[in-house]
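What follows is a single structure, written as structure tokens, with notes after it.
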Ligand code: 13P
């Protein structure tokens with residue numbers, strides 16, 4: 213049985229004050245979440261604050277990116293060992309905003325994935341197609357290419373200690389959610405692709421859906437057999453709504 217996982221991706225949002233009130237509220241109610249592991253991925257500069265607020269709770273935390281390099285002369289980058297210093301458990305890798313706005317290639321994403329695992333962080337690898345790719349019938353090819361970059365560099369066994377998030381780019385921040393069936397189809401594709409190489413890993417792998425998950429659509433998305441939880445953007449910034457989404461996990 214795969215445990216459900218719901219991860220909040222705060223993106224470039226938050227302030228010392230708003231983080232405190234969001235997490236205070238969320239912590240008071242986390243007992244209501246029975247069926248999911250929960251994590252929040254915050255901007256780097258707030259990891260110290262988040263680690264203090266969440267220490268000793270069941271809520272895990274992580275970062276939204278990692279350098280592909282070890283510590284050294286890389287101005288503006290943040291190394292994996294630094295994330296470990298703040299007791300991060302997860303790190304989001306290859307989010308479509310990193311790929312599309314900052315030009316991260318499949319190869320760079322794979323190097324970041326490897327770096328995360330080398331310091332024992334759990335990478336949450338994001339994959340997903342653009343609208344024009346979906347319309348051109350390219351969804352499966354795109355997702356396969358993104359996964360193959362990881363498998364080619366690190367081997368399929370590396371996926372055992374990772375989480376995959378399917379995030380169709382056209383559904384992110386647009387209010388346009390993939391239908392549960394559309395999401396399920398891609399999740400099945402991902403799982404079967406990995407199963408062809410390593411059935412045991414495919415069976416255990418948590419595959420999250422992300423893209424306009426809200427309190428009012430989480431139940432039907434999470435009801436699909438291959439959707440093991442969600443990667444939540446905008447709705448993770450509201451304590452009540454994020455809690456409702458976490459409660460929707462099977
Ligand atoms: P939204 O939930 O705001 O659509 O963002 C999804 C996402 O990109 C999570 O990583």
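In my numbering, the protein residues as written are 213 to 462. Think of the CB as a built atom: it goes at the ideal place given N, C-alpha and C, for glycine as much as any other residue.
Excluding the 5 residues flanking residue i on each side, which residues of the same chain have their C-beta closer than 7 Å to its C-beta?
{"i": "residue 354", "result": "341 and 345"}
{"i": "residue 414", "result": "403, 406 and 407"}
{"i": "residue 438", "result": "396, 399, 400, 403 and 419"}
{"i": "residue 459", "result": "244 and 245"}
{"i": "residue 237", "result": "451"}
Quick check on residue i: does DSSP put it in helix, strand or coil?
{"i": "residue 458", "result": "helix"}
{"i": "residue 348", "result": "coil"}
{"i": "residue 271", "result": "strand"}
{"i": "residue 216", "result": "strand"}
{"i": "residue 261", "result": "helix"}
{"i": "residue 433", "result": "helix"}
{"i": "residue 359", "result": "helix"}
{"i": "residue 445", "result": "coil"}
What is the rounded straight-line gap between the Cα of residue i and the Cα of residue j?
{"i": "residue 233", "j": "residue 265", "result": "10 Å"}
{"i": "residue 321", "j": "residue 389", "result": "25 Å"}
{"i": "residue 256", "j": "residue 239", "result": "21 Å"}
{"i": "residue 455", "j": "residue 409", "result": "36 Å"}
{"i": "residue 222", "j": "residue 339", "result": "18 Å"}
{"i": "residue 261", "j": "residue 364", "result": "37 Å"}
{"i": "residue 293", "j": "residue 278", "result": "10 Å"}
{"i": "residue 282", "j": "residue 330", "result": "10 Å"}
{"i": "residue 213", "j": "residue 416", "result": "7 Å"}
{"i": "residue 286", "j": "residue 244", "result": "43 Å"}
{"i": "residue 452", "j": "residue 428", "result": "12 Å"}
Tell whether a beta-carbon distance below 8 Å holds between residue i and residue j.
{"i": "residue 272", "j": "residue 246", "result": "no"}
{"i": "residue 441", "j": "residue 384", "result": "no"}
{"i": "residue 435", "j": "residue 392", "result": "yes"}
{"i": "residue 253", "j": "residue 302", "result": "yes"}
{"i": "residue 443", "j": "residue 362", "result": "no"}
{"i": "residue 395", "j": "residue 371", "result": "no"}
{"i": "residue 461", "j": "residue 218", "result": "yes"}
{"i": "residue 225", "j": "residue 263", "result": "no"}
By Cβ distance below 8 Å, which residues in the same chain neighbour residue i in space, the five residues on each side in sequence not counted?
{"i": "residue 332", "result": "296"}
{"i": "residue 269", "result": "239 and 242"}
For the putative contact between residue i and residue j, defined by C-beta atoms under 8 Å, what is the C-beta separation to the nearest angstrom?
{"i": "residue 366", "j": "residue 411", "result": "The pair is not a contact, with the Cβ atoms about 19 Å apart (cut-off 8 Å)."}
{"i": "residue 274", "j": "residue 308", "result": "About 18 Å; that fails the 8 Å criterion."}
Please work out which residues of its chain come closer than 6 Å, Cβ to Cβ, to residue i, disregarding the five sequence neighbours upstream and downstream, and give them in chain order.
{"i": "residue 241", "result": "455"}
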